[in-house]
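According to the working numbering, the residues represented by the sequence shown are 362 to 659, in order. Here the structure comes first, spelled out in structure tokens, and everything after it is commentary.
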Amino acid sequence: MDITIVIPIYNREKYIGSTLESIAKSSVMPKSIILVDNNCTDGSMDICNRFKAEHETDDLSIVVTEEKKSGANAARNKGLQLCKTEWVYFFDSDDTFDSSFIQSMDRINKECDCICFPTVMNVDGKQRVRKFRNSPDVPFQILTGMLSTQSMLFRTDFLKKIGGWNESIQVWQDWELGTRLLLSYPIIHWVPKPFHNILVHGDSITGNKLSDRYSERIHTMKTVCAQLKGNKQRKALILRSYILLGMFRREENHDAVNACTAYIKKNFANKYGTIGKVISNYVAMGGHGAWRIAYLLG
């Protein structure tokens, strides 16, 4: 498979070495790896340059470049712009690559725009498969974010056609792209097997709490809302907004609560307000799996 792996990097000195070495252990190597420096101030790029010196061959191109515009999406688009292979895959700079991934993808009938599959989440040393279903159901994606960065392998021309990564958003970037992907009615090959080890940790650039960057999350919600085409999709988005409100209430961030309440009132005029308030209260009191309730009510 002619595939390029693109990795945006911002101050990942602690993790990037392990990530790159996990790729180097692949049973089938990619054609290219593009490492994009997004204004690192630590030793991350020294590690990347050393990796290039040690692993680049005639069959494996390793490009170390930079993107001054802040944000992972800008860095990803820089990699997409430089991609010369038929397929492009985006990985994060703190996760572990599955050595069988490229070989497994190579066996698939590739008459499709995208290949989608689940990933394995590693939280405090405990592993679980991320919520996933082999279905292009937009409401399910809206409520669960099943299509994450590492669960989508794109035909390069197709990703460019749908606009690449949205550089106007800074959080939940993969949620927005996964939703936009499904809204474009692509031909998808679904793979049930999970791949990769996705590390969830306190150094995440999105913060330790959902409310840490509440205004940016609300901006992403608005961006997705503007793309939706049907009542069921919009209802799922509204109910996800109430779930988010419940999380802000649980975290007792009053600025976030006020901003999310104002966003719901302005954009949805409290539509589905009774159901939404029940869901919000449930989440605020510590309830889990609210997305299941919202999905059943959709």
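For each residue, glycine too, the CB sits at the ideal point set by N, CA and C.
Using 8 Å as the threshold, is the stretch 471-478 in touch with the stretch 533-550, meaning 3 or more CB pairs across them?
-> yes
Rounded to whole angstroms, what's the CA-CA distance from K413 to L396? Just pull it up for me.
-> 10 Å
Do you know how far the Cα of N592 is from the Cα of V424?
-> 44 Å
Reduced DSSP category for R611 - H, G, I as helix; E, B as strand; rest coil | helix
Excluding the 5 residues preceding and the 5 following Q464 in the sequence, name in chain order all residues of the same chain whose CB lies nearer than 6 Å to its CB.
-> S388 and V389
Endpoints, the beta strand (DSSP E) within which H550 is located = I549 to W551
Cα separation between F609 and I469?
-> 42 Å
Simplified DSSP state of S529, which is helix, strand or coil = coil
Should the stretch 414-423 be regarded as contacting the stretch 501-520, the criterion being three or more beta carbon pairs within less than 8 Å?
-> no
Taking all protein chains shown into account, decide if G650 is buried (16 or more other Cβ within 10 angstroms of its Cβ) or exposed.
-> exposed
Which one of K492, T581, N483 and F515 has the shortest CA to CA distance from R437?
-> F515
Tell me the start and end of each unbroken alpha helix (DSSP H) in the stretch 375-400 that is at least 4 residues and wholly inside, in chain order.
-> 377-385
Please name the residue, chosen from G486, S641, T635 and M406, that lies closest to L560 on a Cα-to-Cα basis.
-> G486
Could you pull out every unbroken alpha helix (DSSP H) segment of at least 4 residues lying fully inside the stretch 561-607, listed in chain order?
-> 575-586
Identify, in the order they occur along the chain, each residue of the same chain with its Cβ nearer than 6 Å to the Cβ of E417, setting aside the five sequence neighbours on each side.
-> I423
Grab the span of the alpha helix (DSSP H) containing Y633 for me, first residue to last.
-> Here Y633 belongs to no alpha helix (DSSP H), and DSSP marks it neither H nor E.
Among all the DSSP beta bridges, which residues are the ones paired with L514?
-> Y450 and I476
Touching by the beta-carbon criterion (3+ pairs, under 8 Å), the stretch 629-639 and the stretch 593-607 | yes
Which whole-angstrom value describes the C-beta separation of W448 and I530, a residue pair presumed to lie in contact below a C-beta threshold of 8 Å?
-> Actually they are not in contact, since the Cβ atoms of W448 and I530 sit about 24 Å apart, beyond 8 Å.
Roughly how many whole angstroms lie between the Cα atoms of N495 and N434?
-> 26 Å
Report all residues from its chain with a CB closer than 7 Å to the CB of A385; omit the five preceding and five following residues, and keep chain order.
-> H416
Could you tell me whether the Cβ atoms of L657 and G525 are closer together than 7 Å?
-> no
Flag this pair as yes or no: are the beta carbons of A617 and Y643 separated by less than 7 Å?
-> no
Skipping 5 residues on each side, what residues in its chain have a beta carbon closer than 8 Å to that of M482?
-> Q488, R489, V490, R491, I559 and V561
Would you call E428 buried or exposed, if buried means 16 or more other Cβ atoms sit within 10 Å of its Cβ?
-> buried
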